[in-house]
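A.B. asks: This is the structure I want to talk about, given as structure tokens.
Protein chains: 2
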Amino acid sequence: MRRDRQHRNHGFLRRIGEYVREQRVALMITQEELAERAQLHRTYVTDIENGFRNPAILTLARIALALELPMWKIVHFAENDDDPQVEVD
Amino acid sequence: MRRDRQHRNHGFLRRIGEYVREQRVALMITQEELAERAQLHRTYVTDIENGFRNPAILTLARIALALELPMWKIVHFAENDDDPQVEVD
């Protein structure tokens, strides 16, 4: 399984994962349900949420659709740690 | 060379390519220069601009950095054809 633990932009992938997890929890769905909605494997969703994957743009588009939000918001969050509209724990 | 001509989300990739080309032209740099800045092959940039590639999110991040703009703007444009701030011909 190819993961991106050592990628220099790891922080970016990690923040994407944080936002995906946060939005999934807000929708009150499991990783399995998100995976089903996005037609991905459950472990792939786990990896995304942990920042271990560097998904293709169309894969992220499927995840965004499954989360019922525009993809640009995921990217915006990942690029702007201090997004005031989003709470990060 | 793997391309994504027949992908069901082709329109999304095409709009990403449109925006990348538009912003590159606005910067008055060639595809070769963009490729060099983003550490990609020139033909890869050509494919991106034509919507033939489904880049990894970190690849798009490199392109955005090379274009001196936040990636979320590229995604926002691709998701919103009618972005009033951008002219598309």
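Chains as they are written, first to last, in this note's numbering: chain S, 1 to 89; chain Y, 1 to 89.
Built from N, CA and C at the ideal position, the CB exists for glycine as well.
#1: I'd like to know whether the C-beta of S:Val45 is nearer than 9 angstroms to at least one C-beta of chain Y.
#2: DSSP puts S:Ala35 in a beta bridge; with which residues?
#3: Can you confirm whether S:His76, when its beta carbon is compared against all beta carbons of chain Y, has any partner nearer than 9 angstroms?
#4: According to the Cβ coordinates, are Y:Glu68 and Y:Gly17 closer than 9 angstroms?
#5: Can at least three beta-carbon pairs, one atom from the stretch 62-78 of chain Y and one from the stretch 17-36 of chain Y, be found at a separation below 8 angstroms?
#6: Can you tell me where the alpha helix (DSSP H) with S:His76 in it begins and where it stops?
#7: What is the residue span of the alpha helix (DSSP H) that Y:Ile48 lies within?
#8: Following the continuous alpha helix (DSSP H) through S:Leu13, name the residue where it begins and the one where it ends.
#9: Please list the partners that Y:Phe52 has in chain S, where partner means a Cβ-to-Cβ separation under 8 angstroms.
#10: Give the interface partners of Y:Met71 over in chain S, defined as CB-CB distance under 7 angstroms, in chain order.
#11: Identify the residues that DSSP records as bridge partners of S:Ala64: which are they?
C.D. replies: Taking the structure as given:
#1: Within the first sequence, residue 45 of chain S is the residue found at index 45, counting from 1. Taking Cβ atoms only, chain Y never reaches closer than 9 angstroms to S:Val45, which makes this a no.
#2: In the first sequence, the residue the question calls residue 35 of chain S occupies position 35. The partner list for S:Ala35 (beta bridge, DSSP) is empty, contrary to what the question assumes.
#3: As a working note, residue 76 of chain S is residue 76 in the first sequence. Chain Y contact via Cβ: present.
#4: What you label residue 68 of chain Y is simply residue 68 of the second sequence in a count that begins at 1. What you label residue 17 of chain Y is simply residue 17 of the second sequence in a count that begins at 1. No, these two residues do not count as a Cβ contact at 9 angstroms.
#5: They touch, by the three-pair rule.
#6: Residue mapping note: residue 76 of chain S aligns to position 76 of the first sequence, counting from 1. Segment Met71 to Glu79, the alpha helix (DSSP H) holding S:His76.
#7: The count along the second sequence starts at 1 and reaches residue 48 of chain Y at position 48. Segment Arg42 to Glu49, the alpha helix (DSSP H) holding Y:Ile48.
#8: As a position in the first sequence, residue 13 of chain S is number 13, starting the count at 1. Where S:Leu13 is concerned, the enclosing alpha helix (DSSP H) stretches over His10 to Ala26.
#9: By 1-based counting over the second sequence, the position of residue 52 of chain Y is 52. Ordered by position in chain S, no residue passes the 8 angstroms Cβ test against Y:Phe52, which lies about 13 angstroms from the chain.
#10: Within the second sequence, the letter at position 71 stands for residue 71 of chain Y. The contacting residues are Val75 and Glu79.
#11: Looking up residue 64 of chain S in the first sequence gives position 64. Answer is none; S:Ala64 lacks a bridge partner.
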